[in-house]
Structures are given as C-alpha cells and as structure tokens.
Amino acid sequence: MAVALTSFSSFAATKVNLFDVEAVVYEQQADAKYSGEELARRSGMREVIVKATGNSASLDNPVVKKAISQSSRFLSTISPSEQGGQPTLKMSFNPRQIQALLQQAELPYWPEERAKVLVWVVEDNGYDRTISWEQSGRTSVANLNSVARQKGLPIVVPVGDIDDVTSIKATELWGNFTEQISASSQRYDADAVVVVRIERNGNQQNLRWTLYDDKPQYIADPSLATVTGQESGTNQQVTEAFVAELGRYYADKSAAKGSGEVASSITVNFGGIESAKDFFTVEKMLQGLPSVASVELEKVTGSSVDYRINLLTDQADFQRELLRSNKVTEATPAIPTTLPEPAPEAVIPAETAPDAIAPEAPQPEQMPEPVPEEEQELYFEWS
1 MAVALTSFSS
11 FAATKVNLFD
21 VEAVVYEQQA
31 DAKYSGEELA
41 RRSGMREVIV
51 KATGNSASLD
61 NPVVKKAISQ
71 SSRFLSTISP
81 SEQGGQPTLK
91 MSFNPRQIQA
101 LLQQAELPYW
111 PEERAKVLVW
121 VVEDNGYDRT
131 ISWEQSGRTS
141 VANLNSVARQ
151 KGLPIVVPVG
161 DIDDVTSIKA
171 TELWGNFTEQ
181 ISASSQRYDA
191 DAVVVVRIER
201 NGNQQNLRWT
211 LYDDKPQYIA
221 DPSLATVTGQ
231 ESGTNQQVTE
241 AFVAELGRYY
251 ADKSAAKGSG
261 EVASSITVNF
271 GGIESAKDFF
281 TVEKMLQGLP
291 SVASVELEKV
301 TGSSVDYRIN
311 LLTDQADFQR
321 ELLRSNKVTE
331 ATPAIPTTLP
341 EPAPEAVIPA
351 ETAPDAIAPE
361 APQPEQMPEP
371 VPEEEQELYF
381 EWS
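Just so you know, we're using full-length UniProt numbering here: the sequence shown kicks off at 1 and counts up by one.
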C-alpha cells in the first residue's frame, strides 16, 4: 500500500496559526467611545476572521460585525505584552467558537492546513525586466510577505542564490514558459506556483498573475488549467488585491472539499483488483486525490471494480492526478464481438403478385426518438 500512495504528489500542508494574535493597545483619547484594550480585542478578532476565511470582505458580514462588538466572548486567553516599546495584548481566540460563528454567518472556513505557494515576481520598469528575489530588498517582495502573513497565506519567494539566478531568466517568467518555470521551481517544497508580472508606471502598477495549482514538477502539463487575475493601483493596493484573490480561491476550494460540493460525476472501472488489499488501496488512493469530493462503490465483477467518482474539478484534472501513480495505467474496455443475426426472408403469398400490391397510403413523417447520450466510463488497470 505504501508504494502505491507515495508515488503521488503529496500535499505539503503548512499549518497556519489562525487563532493567536497580538494587537497594539493605543492610548485612549479623551472623547473615545471605547478603551484602547477594547479596540485591540476587536482588531485581533478582525485579523482572526480574515485569516480563517481568506477574505477581508468577511468583516462586512452583519453576523460577524455583531460578534466583533462582543469580541471578549470569543477569547480563550488574553495577556498584556509589549512590542517595539508599544503596549500590546496577546490573545488566543477559541477555534470552535470562531468556526461556529462562520457557519452561522454562512462564510467558508479555510482550515489551518494550507497549501504552500511559490511566488515568482518579475518586474518591468519600462526599459528592462528583472526578477525580484527574496533577498533583493524590494518593496514589492516586502509587501507581498507582509500581506500574505496577515491573510494567512503561506508563500515562499525564491531566494535568488546562484542556483536560482542561473536556472531561469526574467523573459522566461514573463512569457510563462512552463518548462523552465517547472524546472526552476522544483527545488522548493511547494504545492502550487504563481508567476506575478508587474508593469510600473510612476507610482502606479499593473499586476498580472497566473496560478498553476499543482506541484512544480507537474505544471508544464498542457492539460493543467491555470487561474489568472489582474490588479491596478499602487504596489500596496495591487498586492492586497492579489493576495485576497489567492486567499479566496484556496478558501473556496477547501470549503468545497469539506462540504462535498460536486462539479461533475463519472464512473471509473479498475481492472486487476486481485485482493482485498488492492481494493482498499485503490479506494483510499481515489479519496486522497485533490480533485475528488467522494467515492462510491458501484459494483464488483471478479477482478473488476466500478466506482462512482464525484469530482470537485473537471475530468482532465482527475485523470492527470490518477495517472501519476506508477501502479495505474489507462485501459481499453473489452468490446464483445457478436455476429449479427441474418434477417428473415420476406414471404409473399402466391395469390398476391408484386404488381398487384396496392400502393400504401402516405404515412405522416415521424421524427426519430432522441437517443440518450451514454455517460463516458473511464477504464484503468491496477498493477
């Protein structure tokens, strides 16, 4: 069983601390409605809500707004601290209460185990294009790291050492040359790759991004669908918008997986299932694929097993993920060959000569009945 499962790309799953925050306590103004501590508690809860949903717009939800005004009810622990000479509050919010709140507000919950995203940033200043590395000290990278941390999006920016610098060019990133991007990204333990292209025009920027939602070694596959977006504004604005879009994408994806929301369904046949161990290994493998919402057994015939697969994405994603296993190969269904039965000979009574047959009255034209389209079944062999 271990051999079968380890041949798949595993989800790196970075655990994000969603519920522990620290907020600055500002000195209360004379005419202020709320104390500095109360404002810090509310600020901390807002940060938790954004990280738990991946979406700043969640703060506009009326149920969430009301809960934030009663933030102390959602706290597990709170203690005074200090950061950079400023008094702060260290707070831990109750995970169950926060999740119950999101459910009541009908908002998606983005679990703590999250995909780690490798982000390539290439910038065009009008006369040349350069890659912004982690160690470059550029504002674009600093803002990206800061905003991603606030939103709970685990990212890594290539460091820019000799291996990075010699493996890829800015023009290859700008042109989305997936073979080169894939090869240069594989040294990083990431679950997905994003290429960010920034065009500068004074203090305004146009940011275009392309997400390859798969491990680096698989992103050159032409069947992999990409996710794209475009933002305009200052660097802070485009970075906020870009990270928010990525967060929403992954939060919605996690919510769909958790709810079992189905995009499509297919029937899959596996041949070569020779033992109970094979049966349970295949079933567990199918359930672990990112594209799969649920697996239902349809029938078992000898060493052949039919499963009903409910998909979160499309069939191409499912096939691509499945065929990564070195124990799965595509198979051709056996088509039974039967000879057609001979048509019975027409018998004409002797008293009815062909030239004496009266012409039939014209019949009204009948439209052929529509033939229901058969659902495609996929066939694979387990070895």
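Heads up, the beta-carbon is just placed ideally off N, CA and C, and yes, glycines get one too. Because the structure is a prediction, the values reported are computed rather than measured.
Exercise for the section: List in chain order: all unbroken alpha helix (DSSP H) runs of 4+ residues lying wholly within the segment 119-203. Expected result: Fully enclosed alpha helix (DSSP H) runs of 4 or longer: 139-151, 162-167, 170-174, 178-185.
Handout entry: Three-way DSSP call (helix, strand, coil) for A356 in this model
Key = At A356 the pLDDT is 48, less than 50, meaning the model places this residue with poor confidence and gives no usable figure here.
Handout entry: Rounded C-alpha distance that separates T118 from A263
Key = Position check: residue 118 holds Leu in this sequence, whereas Thr was assumed. If you take the alpha carbons of L118 and A263, they lie about 27 Å apart.
Exercise for the section: Go to I49, then tell me how far its alpha helix (DSSP H) extends in each direction, as first and last residue. Expected result: 36-53 is the extent of the alpha helix (DSSP H) around I49.
Problem - Span of the alpha helix (DSSP H), counted from its first residue to its last, around R320 - result: For R320, the enclosing alpha helix (DSSP H) begins and ends at 315-322.
Practice task
Assess, as a yes-or-no matter, whether the segment 86-98 is touched by the segment 121-133 under the definition of 3 or more beta carbon pairs within less than 8 Å.
Solution key: By the Cβ rule, the segment 121-133 does not count as touching the segment 86-98, because fewer than three pairs are nearer than 8 Å.
Exercise for the section: Count the other C-beta atoms from every protein chain shown that fall within 10 angstroms of the C-beta of D189, then say buried if there are 16 or more, exposed otherwise. Expected result: Burial call: exposed.
Practice task
Can you tell me the Cβ-Cβ gap for V328 and F280, rounded? I've got them flagged as a contact below 8 Å.
Solution key: The Cβ separation is near 15 Å, so there is no contact.
Handout entry: L107 in three-state terms, based on DSSP
Key = In the structure shown, L107 falls within a coil segment according to DSSP collapsed to helix, strand and coil.
Exercise for the section: State buried or exposed for D213, treating a residue as buried only when at least 16 other CB atoms are found within 10 Å of its CB. Expected result: Using a 10 angstroms sphere on the CB of D213, the tally of other CB atoms reaches 16 or more, which defines it as buried.
Problem - I219 (DSSP reduced to helix, strand or coil) - result: The three-state reading of DSSP puts I219 in coil, since its state is none of H, G, I, E or B.
Handout entry: Beta-carbon proximity of A331 to D191, cut-off 9 Å
Key = If you check the CB distance, A331 and D191 do not come in under 9 Å.
Handout entry: C-alpha gap between V165 and G229, whole angstroms
Key = Going by the C-alpha atoms only, they are around 26 Å apart.
Practice task
Take the Cβ of P108 as the centre, count every other Cβ of all protein chains shown within 10 Å, and call the residue buried at 16 or more, exposed below.
Solution key: That one is buried.
Handout entry: Proximal residues to P154 (C-beta, below 8 Å), its chain only, five neighbours per side dropped
Key = Taking P154 as the centre and dropping the five residues before and after it, the same chain places the C-beta of T14, V16, R114, A115, K116, V117, A148 closer than 8 Å to its C-beta, in chain order.
Practice task
Measure the alpha-carbon distance for Q103 versus I78 and round it to whole angstroms.
Solution key: Spanning the two alpha carbons is a distance of roughly 25 Å.
Exercise for the section: Given a cut-off of 9 Å, decide if A40 and K151 are closer than it, judged by their beta-carbon atoms. Expected result: No, the Cβ-Cβ distance between K151 and A40 is not below 9 Å.
Practice task
Round the Cβ separation of W133 and V159 to the nearest angstrom and send it over; I've been treating them as touching at under 8 Å.
Solution key: The pair is a contact, with the Cβ atoms about 6 Å apart (cut-off 8 Å).
Practice task
Determine the direct distance from the alpha carbon of E298 to that of S140, and round the result to whole angstroms.
Solution key: Roughly 52 Å between the two C-alpha positions.
Handout entry: Residue from K66, I266, E274 whose Cα sits closest to the Cα of V295
Key = Checked all of K66, I266, E274; the closest Cα to V295 is I266.
Problem - Same chain, Cβ closer than 7 Å to P87, neighbours up to 5 away in sequence not counted - result: Counting only Cβ-Cβ distances below 7 Å, and skipping sequence neighbours, we find V25, P80.
Exercise for the section: Check whether the Cβ of T228 sits closer than 8 Å to any heavy atom of the ligand ADP, and report yes or no. Expected result: For the ligand ADP, the structure offers nothing, since it holds no ligand at all.
Exercise for the section: On a CA-only basis, which of Y307, T171, S167, F318 is nearest Q186? Give me that one, please. Expected result: Sorting Y307, T171, S167, F318 by C-alpha distance to the C-alpha of Q186 places S167 at the top.
Practice task
Within the same chain, show all residues whose beta-carbon is closer than 6 Å to that of F270, passing over the 5 residues directly before and after it, in chain order.
Solution key: The beta carbon of F270 is closer than 6 Å to those of V282, V305, F380, W382 in its chain, skipping five residues each way along the sequence.
Exercise for the section: Put E29 into one of helix, strand or coil per three-state DSSP. Expected result: The question names Glu, yet the displayed sequence has Gln at residue 29. Here Q29 sits in coil by DSSP.
Problem - Environment of D60 [buried if 16+ CB atoms lie within 10 Å] - result: The residue is exposed, with fewer than 16 neighbouring Cβ atoms inside 10 Å.
Problem - Cut-off 7 Å between Cβ atoms - residues of its own chain near E179, not counting five sequence neighbours on either side - result: Here the set comprises A220.
Problem - Buried/exposed call for S182, threshold 16 Cβ in 10 Å - result: In the assembly as shown, S182 is a buried residue. Its beta-carbon has 16 or more other beta-carbons within 10 Å.
Problem - Cβ neighbours of G85 in the same chain (closer than 6 Å, five flanking residues each side left out) - result: Nothing listed; no residue qualifies.
Problem - Selection from I309, V157, N201 that minimises the alpha carbon distance to K284 - result: Nearest C-alpha to K284: I309.
Handout entry: Backbone CA spacing between A316 and L322 [nearest angstrom]
Key = So the alpha carbons of these two residues sit roughly 10 Å apart.
Problem - Span of the beta strand (DSSP E) around F19 - result: Going by DSSP, F19 is part of no beta strand (DSSP E) at all; its letter is neither H nor E.
Exercise for the section: Starting from K65, trace the alpha helix (DSSP H) both ways and give me its first and last residue. Expected result: Element bounds for K65: 62-68.
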